[in-house]
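Sequences listed follow chains H and X, in order.
Numbering of the first sequence is given in the working numbering, commencing with residue 20 and proceeding in unit increments.
Numbering of the second sequence is given in the working numbering, commencing with residue 1101 and proceeding in unit increments.
We treat Cβ as the ideally placed atom computed from N, Cα and C, and that holds for glycine.
All values reported here derive from a predicted model rather than from experimental measurement.
Here's the structure, in structure tokens; my notes come after.
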Amino acid sequence: MDIRFSTSAAFLLFVCCLLSQTPGSNGEVPPKPAGSVTILPPIKPIDGPQAYPEAEKASLPVFTMDYPRIQIPFEVTLWVLLASFAKIGFHVYHKITVWVPESCLLISIGLIVGAIMHSVHEEPPAVLTSNVFFLYMLPPIVLDSGYFMPTRPFFENIGTVLWFAVVGTLWNSIGIGMSLFAICQIEAFGVQDINLQENLLFATIISAVDPVAVLNVFEDVSVNEQLYIVVFGECLFNDAVTVVLYNMFTFVADMPVVEPVDVFLGVARFFVVGIGGMAFGILFGFVSAFTTRFTSKVREIEPLFIFMYSYLAYLVAELFAISSIMAIVTCSLTMKYYVEENVSQRSCTTIRHVVKMLGSISETLIFFFLGVVTITTEHEWNWGYILFTLLFAFVWRGLGVLVLTQIINPFRTIPFNLKDQFGLAYGGLRGAVSFALAFTLPDNIGRKQLFITATIAIILFTVFLQGISIRPLIEFINVRRTNRNLETINVEVHCRLMEHTVAGIEDLCGQWSHFYWKDKFLKFNTRILRKILIRDSRAESSIVALYKKLELQNAMEILDTVAGDISAAPSIVSLYEEKKNPKPKAYLAGDLRNMHDILSKNMYNIRQRTVAFTSKYSLPNDRHTKEILIRRHASIRRSLRPGSFQNSNVSKSQKYYSLPAGQSLESRFSPRRLTQTDDRETMSEAAYPITNWRSRSSQPTRSSSSRAMMPLKRLDTLKEAVSVDMLNENKEDSGSRAGTTRTNSSSRDSRLPAPRRQLSPPREEDNGFSDNLINVHHEAEEEDHPSPSPPPAWAAEPRYNANRNPLLRRPQWNPKKT
Amino acid sequence: MGSRASTLLREEEIEEIKKETGCKLCQNAPLYLSQTSITNPVFNSVFSREDFQRIPELAINPLGDRIINAFFPEGEDQVNFRGFMRTLAHFRPIEDNEKNKNAAPSEPLNSRTNKLLFAFRLYDLDRDDKISRDELLQVLRMMVGVNISDEQLGSIADRTIQEADTNGDNSISFNEFMKVLEKVDVEQKMSIRFLH
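Written out as structure tokens, the structure reads:
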């Protein structure tokens, strides 16, 4: 229904456009040709606007319209709105976007609109002039891709990415160009007038692969992460390569004869262009990062700097005719890391939102216009040429992927297998850049219309056919589960556990290649760059920054979400009772299906980190990460709270979620509180990232240090009382209980333990996530500052009293500071 | 830090580790490992939990803490390189020629059984060789978002136990665990491609 609505709204908008035509309107963006249908509003005098007629005729016009004045912005806005309505429409029925990539849908809507326009003999707005596209529509798209690029996996795979992007595109262009030239020689097709240069130019245009549509499929099918990054990076860089080649070939196409010197010069130019673009990008990135160092007083305009500098990088690169796409991509990559540390959190959110929004609009508009223009341009169709182009595009892409993978696999730690290669090859959809390049072909190319038609044909073919069929194909070759209902819940849960484990171990091993340069760069970064570019530079890992932001904002948010579940507290009791008399429950098939559904919808996906960041159409989704971090933090905090040791009946298996009972927890917190107090400068903050938490907001250090003192004693007693045996919880309980009574009498900060103790007695079984939240809740309430500093932090060190390796880089906690 | 470190591990020890874990690459591993996230100024000493916890990706892995815990033998807080490699060796892919060999007197670390044992131990914190309902619930809760109520999770856990439990003790023993997963390609799931 909404789709129909949006179409009819579109139609209405169009009618409005048509109605407001006046002759003599002009302007670069979207002009209507002079001879179009005009219907003038009756009030307006026929012989032209006369605001103040001769004195005799005067009667003050009550209602006037002056369309030409607002025409250009008005029409731009209408088009953008129309495209956005289309986007809303798609998501009404969720399944559509699953099976049909968004680009398909946008093109279809464009086709419909184009058909409407054609039937009323209206011309589409001439947006696709070279300037408009390259100066206004392309930069946001590229900025979007560059800004949300996951840097770590990207740099780890940079060799492969560049290999596929550069060499792959070259391979494709030259291969297709040559084969098409060969075809041209055949008289039967009647295209003999296209010479080699023009063929190469055309081949370059259509080898700009845009596999973005494929990324969405890859996400859902949990494809190998490496593949994902390579596809993403390739998509980005081959735009740059294509544009460079295009410019080169346009130039070459003009020349009557190509000499070997020219080829050599071409190669040299290619490098100049590429590396020059990167250099400009990095330069502007640094300048922008440096600027944001000083913007602490002008927070409102911080996002402006990001956009202005990136756009400036783009324009300056265009000025020198070097690769502006590379410039803007490297600018945003460089900028992002430093800027996100300098700017306020709100600015950070704003930047991300606006970048995503602009990129999204641009891409939408381009596909939309593709659809419109398809109907309304004159086409020159040549069966032979076009069909062969399709064939060659497909064949050369497949061949290219095969050959290139064979060559680069030995250099990769994780080689691509056949399934990956298939995904890469089949995912070679063409997209926006091809379209724009085709339209901006210089007019002196004889067969321009044919090229445009052929390009549009290829884009439509690949987007529709390959785009729609790639998902079933990939699922088919990956055949993970045959029939979900036959699979037991056990298998589902345990398999997910195993996947998380493997992901964790892989992360732990890190990447075993390219470490040398990475290490060097990191050192350089920490020593020099951070000091210059970041406002009071601190050594924080990215996870700390993330954690800070999340904790401050989301402790309450999570509470809100689960607030309903706290009312499930009674269910905890009932669960406990159920445990006492386990009777085999009969599960209906419907129940089972529900369970499967629940699990599949709610279990965390693996590597949320990467997948979330590379979703093209939406902002990075931090939700799961937040949940995991907060939960761990809360569980750790909870577990160390004095009250939690009170219950001797706590079942052996659980007090903490993520950790076994034991000393390891204290160590986690060793340096944490220390960093907030000034008499503990000796503590290194190189330990656990989460613990290395420095709250930016002003937290009175006095109270924190006093709070720190209190539990110290308690944990010391814990230490003494407990043997280093993580199973031995009972001992721990008694020891800590003794400790708590002692400390509680002496502390004035007992408000933290207090609420906990109130909660714990009724609960025998710590079934606790809701427990954690209640604690968080109480703590948040009672602290005037919602920064959850864990009550104990402190002790850790003494843990290793006996066999401490003095060389271990851990702070020497001095327990005498009470 | 890097190149010097590899010499600190004695040759014989490397040979032993290679034999034990079947890991041919582990000769180069010290070099690599010292450069990765687990950095440790003196290489041949030990890793502690902090070193693992420093890895940001593990922090946001829902099972991060348990994975870290799996590296440390019971009750200890440090693991040396050898222990580390032993644990990592669980994830070595099973090569085809090994599948057909008769089981060596001591099963290789990356056999299917040992892989399953690793996974089992992620659940079974108290090492009583049984996954109780609580342990199952904890792991489930860790892996699942906040939108599932305790009741639902409880019934999922119940169902899990019910499916697997054959001897009626309301918990899953290792044999039952293995039986439930007999159709699953554990060898492929629990393998890391570059650990050969």
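Per-residue contacts from LYS1230 of chain X into chain H (C-beta, under 8 Å)
Here the premise fails: no neighbours, minimum Cβ distance about 10 Å.
For chain X, find out if any of its Cβ atoms is closer than 8 Å to the Cβ of ILE617 of chain H; answer yes or no.
yes
Mind pulling the alpha helix (DSSP H) runs of 4 or more residues that sit fully within the stretch 441-467 of chain H?
451-458
Extract the residue ranges of the alpha helix (DSSP H) inside the stretch 386-433 of chain H, only unbroken runs of 4 or more that lie entirely within it.
402-427
Local Cβ density within 10 Å of LYS1230 of chain X, reported as buried at 16 or more and exposed below that
Buried.
Identify, in the order they occur along the chain, each residue of the same chain with its Cβ nearer than 6 Å to the Cβ of GLY295 of chain H, setting aside the five sequence neighbours on each side.
ILE341
Can the beta-carbon of ILE225 of chain H be found less than 8 Å from the beta-carbon of ARG88 of chain H?
no
Alpha carbon of PHE305 of chain H to alpha carbon of PHE1147 of chain X, nearest angstrom
37 Å
For ILE496 of chain H, which residues from the same chain have a beta carbon less than 6 Å from its beta carbon, with the 5 sequence-adjacent residues on both sides left out?
LYS438
Residue-chain proximity (GLY450 of chain H, chain X), Cβ-Cβ < 8 Å
no
Any beta carbon of chain H sitting closer than 8 Å to that of GLN1252 of chain X?
Yes - at least one Cβ of chain H is within 8 Å of the one on GLN1252 of chain X.
Between the alpha carbons of ASN266 of chain H and GLN485 of chain H, how many angstroms are there, rounded?
29 Å
Could one say the Cβ of MET1185 of chain X lies closer than 8 Å to chain H's Cβ atoms, at least one of them?
no
Are any of the Cβ atoms in chain H nearer than 8 Å to that of ALA1189 of chain X?
no
Residue of H:GLU319, H:CYS350, H:ILE320 minimising C-alpha distance to LEU334 of chain H:
H:CYS350
Can you pull the chain X residues whose beta carbon is under 9 Å from the beta carbon of LEU648 of chain H, in chain order?
ALA1159, ILE1160
Any chain H beta carbon closer than 8 Å to ILE1256 of chain X
yes
Counting only C-beta atoms, is ARG651 of chain H closer than 8 Å to chain X at any point?
yes
Should GLU1062 of chain X be flagged as near chain H, meaning a C-beta pair shorter than 8 Å?
With chain X running from 1101 to 1296 in the structure shown, residue 1062 of chain X is simply not present.
Using a 10 Å radius around the Cβ and a threshold of 16 neighbouring Cβ atoms, would you call GLY609 of chain H buried or exposed?
exposed
Span of the beta strand (DSSP E) holding VAL1179 of chain X?
1178-1180
Relative to the C-alpha of ILE475 of chain H, which candidate in H:TYR155, H:LEU409, H:THR311 has its C-alpha closest?
H:LEU409
Assign PHE313 of chain H to one of three DSSP states: helix, strand, or coil.
coil
Residue range of the unbroken alpha helix (DSSP H) whose run includes PRO172 of chain H
It spans 170-175 - the alpha helix (DSSP H) in which PRO172 of chain H sits, taken as one unbroken run.
List the DSSP bridge partners of VAL228 of chain H.
Looking at the DSSP output, VAL228 of chain H shares a beta bridge with H:ARG449.
Measure from the C-beta of ILE524 of chain H to each C-beta in chain X and report whether the shortest distance is under 8 Å.
yes
In the DSSP assignment, what are the bridge partners of MET622 of chain H?
X:VAL1244
Would you tell me roughly how many angstroms separate the C-alpha atoms of LYS467 of chain H and GLU397 of chain H, rounded to the nearest one?
11 Å
Which residues mark the beginning and the end of the alpha helix (DSSP H) in which MET1290 of chain X is found?
Note, MET1290 of chain X: premise wrong, no alpha helix (DSSP H); not H, not E.
Across which residues does DSSP place PHE1147 of chain X in a beta bridge pair?
As computed with DSSP, PHE1147 of chain X is found in a beta bridge with X:VAL1179.
Could you spell out where the alpha helix (DSSP H) holding GLY108 of chain H opens and where it closes?
86-109
Buried or exposed for GLN1238 of chain X, going by 16 or more other Cβ atoms inside 10 Å?
buried
Just how far apart, CA to CA, sit ARG612 of chain H and ASP229 of chain H?
38 Å
Residues of chain X with a CB under 8 Å from the CB of TYR623 of chain H: which are they?
Within chain X, PRO1162, MET1243, VAL1244, GLY1245 have C-beta atoms less than 8 Å from the C-beta of TYR623 of chain H, given in sequence order.
Would DSSP call SER122 of chain H helix, strand or coil?
helix
Should GLY300 of chain H and ALA346 of chain H be called a contact, given that it needs their Cβ atoms to be closer than 8 Å?
Against a cut-off of 8 Å, the Cβ pair of ALA346 of chain H and GLY300 of chain H comes out as a contact.
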